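Peer 1: Protein chains in written order, with the working numbering: chain A, 1 to 145; chain B, 1 to 145. All C-beta atoms, glycine included, are put in the ideal place defined by N, C-alpha and C. Computed from a prediction, not measured in an experiment: that's the story for all the values here. Take this structure, written in structure tokens, and hold onto it; I'll ask about it next.
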DNA sequence: CATTTTAATGCAATTATGTTGCAAATATAA
DNA sequence: TTATATTTGCAACATAATTGCATTAAAATG
Ligand SMILES: [Mn+2]
Ligand SMILES: [Mn+2]
Ligand SMILES: [Zn+2]
Ligand SMILES: [Zn+2]
């Protein structure tokens, strides 16, 4: 693996965001994980490296620019994951299924699983679909056996 | 329409819950609405009729007994709706789609719209599916035209 | 009906999550 | 190097939710 930092710096510049320590740290943490990351976890890991408020603002800016997307877990807690493909400030393309493990509480982006189209009652205009599956992730299902 | 109160009292007894004023009031409010009801709204309507903590405990008890189900809206706020059919303390059967209007923020239980089955990656065990559609409800879509 | 038992409520305190305004700091453009 | 525009940190506030404990009230008992 080569230098992430250079890549992240480009990403920030491309989006008109200044290259600051808290922002690079958030990108570093998120990219090093295999599942979506909760705000509380980020806050804990970053400790006093950055103020709570700064973290919220970094996350908000990244979301607006299409760098990360937010997923609410079944408790309503905000979790964040780096957007996989062509998300931008103008629109997100993260209509994949999210899997919330009942055991380890991780949230996985199932990028390969698309949300099936839906018939809704007459008059309703669907804009976005948000599907969260709960159950046991592969790793936790293993351990149970 | 005949006397709701009698019906609610039976419901409470059936579930081993005492017939108390806050519980009856919550059932009264929820049943009189066409969409799911947020905790903040309930709190506001009930005012000083019941303590905040009591409201939380009433909602929790009802959810556990399968009397109501919780839906988190796109902001992560808890909303509650009376369960339509055979939900019980042992399991809920509310796998219908929920519709969250971007304009009026109401949450509709689309009881007739089932969530389509899903293929997930090997190893994952799906337990529940939770699909929230956002957009414009029939009433709001009308007004826009 | 009176009494006992058990469940539910109210209150106070605490924790978690998220927001806003503003002054100070700092990254970048000039 | 200086100017500027953005970003940060801090303090204060807002809202959602939980816990422990004493008090109250519902239902069961006799
Ligand atoms: Mn995702
Ligand atoms: Mn519902
Ligand atoms: Zn797991
Ligand atoms: Zn609407």
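Starting from residue 104 of chain B, follow the beta strand (DSSP E) in both directions and report where the run begins and ends.
Peer 2: Run containing residue 104 of chain B: none; DSSP gives neither H nor E here.
Peer 1: In its own chain, which residues sit with a C-beta less than 6 angstroms from the C-beta of residue 19 of chain A, not counting the 5 before and 5 after it?
Peer 2: 9 and 12, listed in sequence order.
Peer 1: Return the bridge partner residues of residue 38 of chain A from the DSSP annotation.
Peer 2: Per DSSP, A:79.
Peer 1: What is the DSSP secondary structure of residue 1 of chain B, reduced to helix, strand or coil?
Peer 2: Note that residue 1 of chain B scores 49 on pLDDT, short of 50, meaning its location in the model is unreliable; the coordinates nonetheless yield the value given after this. The answer is coil: DSSP assigns residue 1 of chain B none of H, G, I, E or B.
Peer 1: What does residue 119 of chain A reach in chain B if we use C-beta pairs closer than 7 angstroms?
Peer 2: The contacting residues are 113.
Peer 1: Counting C-beta neighbours from all protein chains within 10 Å, is the total for residue 104 of chain A 16 or more, i.e. buried, or is it exposed?
Peer 2: Its Cβ having fewer than 16 others within 10 Å, residue 104 of chain A is exposed.
Peer 1: Using the Cα positions of residue 1 of chain B and residue 110 of chain B, report the straight-line distance between them to the nearest angstrom.
Peer 2: Low local confidence applies: a pLDDT of 49 at residue 1 of chain B is under 50, so the model's placement there is unreliable, and no value is given.
Peer 1: In its own chain, which residues sit with a C-beta less than 8 angstroms from the C-beta of residue 88 of chain B, not counting the 5 before and 5 after it?
Peer 2: So the qualifying residues of the chain are 65 and 66.
Peer 1: What are the residues that DSSP puts in a beta bridge with residue 99 of chain A?
Peer 2: Beta-bridge pairing links residue 99 of chain A to A:108 and A:133.
Peer 1: Per DSSP, what are the beta-bridge partners of residue 68 of chain A in this structure?
Peer 2: A:82.
Peer 1: So, using beta-carbon positions, are residue 114 of chain B and residue 96 of chain B closer together than 8 angstroms?
Peer 2: Yes, the pair counts as a contact, with Cβ atoms nearer than the cut-off.
Peer 1: Leaving out five residues on either side along the sequence, give the residues of the same chain with a beta carbon under 6 angstroms from the beta carbon of residue 15 of chain B.
Peer 2: Excluding positions up to five away in sequence, the list reads 65.
Peer 1: If you drop the 5 nearest sequence neighbours on each side, which residues of the same chain put their C-beta closer than 8 angstroms to that of residue 74 of chain A?
Peer 2: Within the same chain, residue 74 of chain A has close Cβ partners 100, 132 and 134.
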